[in-house]
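Peer 1:
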Amino acid sequence: MNKIVLITGATSGFGKACAQKFAANNYDIIITGRRKDRLDEISDLLIKESGIRVHILEFDVQDKTAVFNAVNTLPEDWKKIDVLINNAGLALGRDYFDEANLDDWETMIDTNLKGLVYVSKAVLPLMITNKRGQIINIGSTAGKEVYEKGNMYCATKHAVDAVSKAMRIDLLQHGIKVTAVHPGAADTEFSNVRFKGNNDLAKKVYEGYQPLTAEDVADTVFYTTTLPPHVCINDLVITCTAQANSFYTFKKQG
Ligand code: NDP
Ligand code: 8X3
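Numbering of the sequence shown is given in this note's numbering, commencing with residue 79 and proceeding in unit increments.
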């Protein structure tokens with residue numbers, strides 16, 4: 079029987095690339111997200127490319143009831159989840175603290191922190207019953223250093239860092255691995271979302287250097303699942319070669 083991975087935010091970016099990477103390595107995949115048309119498209123693609131099984135769960139991670147309903151009503155043959163990738167997330171806006179929009183902040187807190195916690199709490203009983211599993215939380219370099227106008231996005235990613243540490247300690251007794259992967263700048267739909275459809279501003283983020291791709295991150299996420307049962311990567315920061323951390327990126331001028 080193939081192993082099973084559940085990926086949140088599989089309709090785009092890292093989540094979609096992870097789905098393709100795990101499918102190519104014979105995992106059966108539970109893909110989740112809000113955009114049903116994309117979930118259907120990606121399901122067709124994965125089946126065509128890799129011939130594995132795909133199960134679609136359409137929900138908003140901010141909706142606690144929807145999250146628990148979706149996971150609790152999984153068919154029996156989808157309940158042995160080996161890997162959970164908590165990837166769904168977003169930044170909204172890049173403004174000074176006093177000028178930033180409170181609704182944007184609440185959406186980031188509800189998605190990046192509370193959503194991650196809901197999905198984890200829903201999936202954990204299945205992993206504990208199975209006496210195995212790995213939870214991979216997608217943090218960010220923004221969870222390691224706070225940068226100007228990053229305020230609440232950085233705060234939610236620092237919270238992901240802290241929650242990952244807390245999970246790792248409390249789940250030791252169940253033998254569940256907890257891995258936090260913290261990427262730097264990667265060219266996905268992330269900046270289009272952050273700048274609310276201003277694609278010129280989004281494009282500027284990646285000018286003058288070669289950022290990570292979604293595939294770079296997916297390859298690394300997959301690698302963390304290939305280690306022997308007694309080995310766990312706890313915390314991993316991955317940036318493109320031009321980036322040192324949140325503050326330093328070497329950009330070519332002109
Ligand atoms: P994308 O915008 O390309 O993908 C984001 C994914 O999250 C989409 O599949 C989206 O699905 C899903 N999502 C967002 N909000 C919700 C929600 N409320 N409920 C369910 N799903 C949701 O961005 P990335 O792939 O770049 O981002 C993935 C993760 O990586 C995020 O947590 C982000 O913070 C983090 N990250 C990104 C970096 C980057 O530079 N790109 C760097 C470091 C970390 P849908 O809209 O269909 O619901
Ligand atoms: C996304 C990377 O630098 O925009 O988490 O915070 S950054």
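All C-beta atoms, glycine included, are put in the ideal place defined by N, C-alpha and C. In this text the structure is predicted, and so the values were computed from the model without any measurement.
Per DSSP, which residues does Lys227 bridge with? Please list them.
Peer 2: DSSP lists no partner for Lys227.
Peer 1: Are the beta-carbon atoms belonging to Ile81 and Tyr105 less than 8 Å from one another?
Peer 2: At residue 81 the sequence reads Lys, which differs from the Ile that was named. Yes, the Cβ-Cβ distance between Lys81 and Tyr105 is below 8 Å.
Peer 1: Where do the ends of the beta strand (DSSP E) carrying Ala296 lie?
Peer 2: First-last for Ala296: 292 to 301, but that is the alpha helix (DSSP H), not the beta strand (DSSP E).
Peer 1: Identify the continuous beta strand (DSSP E) that holds Thr110 and give its terminal residues.
Peer 2: 106 to 111
Peer 1: By how many angstroms is the C-alpha of Leu305 removed from the C-alpha of Ala178?
Peer 2: 42 Å
Peer 1: Using the beta-carbon count (16 or more within 10 Å), is Thr151 buried or exposed?
Peer 2: Label assigned to Thr151: exposed.
Peer 1: Given a cut-off of 8 Å, decide if Lys99 and Asp297 are closer than it, judged by their beta-carbon atoms.
Peer 2: Judged by beta-carbon spacing, Lys99 lies within the 8 Å limit of Asp297, meaning their Cβ atoms are closer than that value.
Peer 1: Examine the ligand 8X3 and report whether any of its heavy atoms sits within less than 7 Å of the Cβ of Ser242.
Peer 2: no
Peer 1: Can you list the alpha helix (DSSP H) stretches of 4 or more residues lying completely in the region 159 to 228, in chain order?
Peer 2: For the region 159 to 228, the full-length alpha helix (DSSP H) segments reaching 4 residues or more read 180 to 186, 194 to 208 along the chain.
Peer 1: For Asn165 and Phe268, which I take to be in contact (beta-carbon distance under 8 Å), what is that distance rounded to the nearest angstrom?
Peer 2: Incorrect: roughly 11 Å between the Cβ atoms, too far for contact.
Peer 1: Measure the alpha-carbon distance for Trp183 versus Lys227 and round it to whole angstroms.
Peer 2: 12 Å
Peer 1: Within 10 angstroms of its Cβ, does Pro153 collect 16 or more other Cβ (buried), or is it exposed?
Peer 2: exposed
Peer 1: So Gly262 and Cys310 are supposed to be a Cβ contact under 8 Å. How far apart are they, rounded?
Peer 2: No, Gly262 and Cys310 are not in contact; Cβ-Cβ is about 22 Å, not under 8 Å.
Peer 1: With a CB to CB cut of under 7 Å and the five nearest residues on each side skipped, what residues in its chain are close to Ala237?
Peer 2: Counting only Cβ-Cβ distances below 7 Å, and skipping sequence neighbours, we find Leu191.
Peer 1: When you compare each of Ala102, Glu136, Ser128, Ile130 to Ala88 by their alpha carbons, which one comes out closest?
Peer 2: Glu136
Peer 1: Please state the DSSP three-state secondary structure of Glu136.
Peer 2: strand
Peer 1: Compute the Euclidean distance between the alpha carbons of Leu84 and Val145, then round it to the nearest angstrom.
Peer 2: Distance between the alpha carbons of Leu84 and Val145 is about 13 Å.
Peer 1: Check whether the Cβ atoms of Gly217 and Ser242 sit closer than 8 Å, and answer yes or no.
Peer 2: yes
Peer 1: Mind checking who Asp313 pairs with in its DSSP beta bridge?
Peer 2: Paired residues: Ala258.
Peer 1: Return the CA-CA distance between Asp176 and Tyr231, expressed in angstroms with no decimal places.
Peer 2: 15 Å
Peer 1: DSSP beta-bridge partners for Thr327?
Peer 2: Gln321
Peer 1: Does the distance between the C-beta of Arg112 and the nearest non-hydrogen atom of the ligand NDP fall short of 7 Å?
Peer 2: For the ligand NDP, at least one heavy atom lies less than 7 Å from the Cβ of Arg112.
Peer 1: Would you say the beta carbon of Asp297 is closer than 7 Å to some non-hydrogen atom of the ligand NDP?
Peer 2: Asp297: no, Cβ never under 7 Å from the ligand NDP.
Peer 1: Once the 5 residues before and after Arg112 are set aside, which same chain residues still bring their CB inside 8 Å of it?
Peer 2: Thr89, Glu136, Phe137, Asp138
Peer 1: Indicate, with yes or no, if the ligand NDP has a heavy atom lying under 7 Å from the CB of Ala263.
Peer 2: Yes, the ligand NDP has a heavy atom inside 7 Å of this Cβ.
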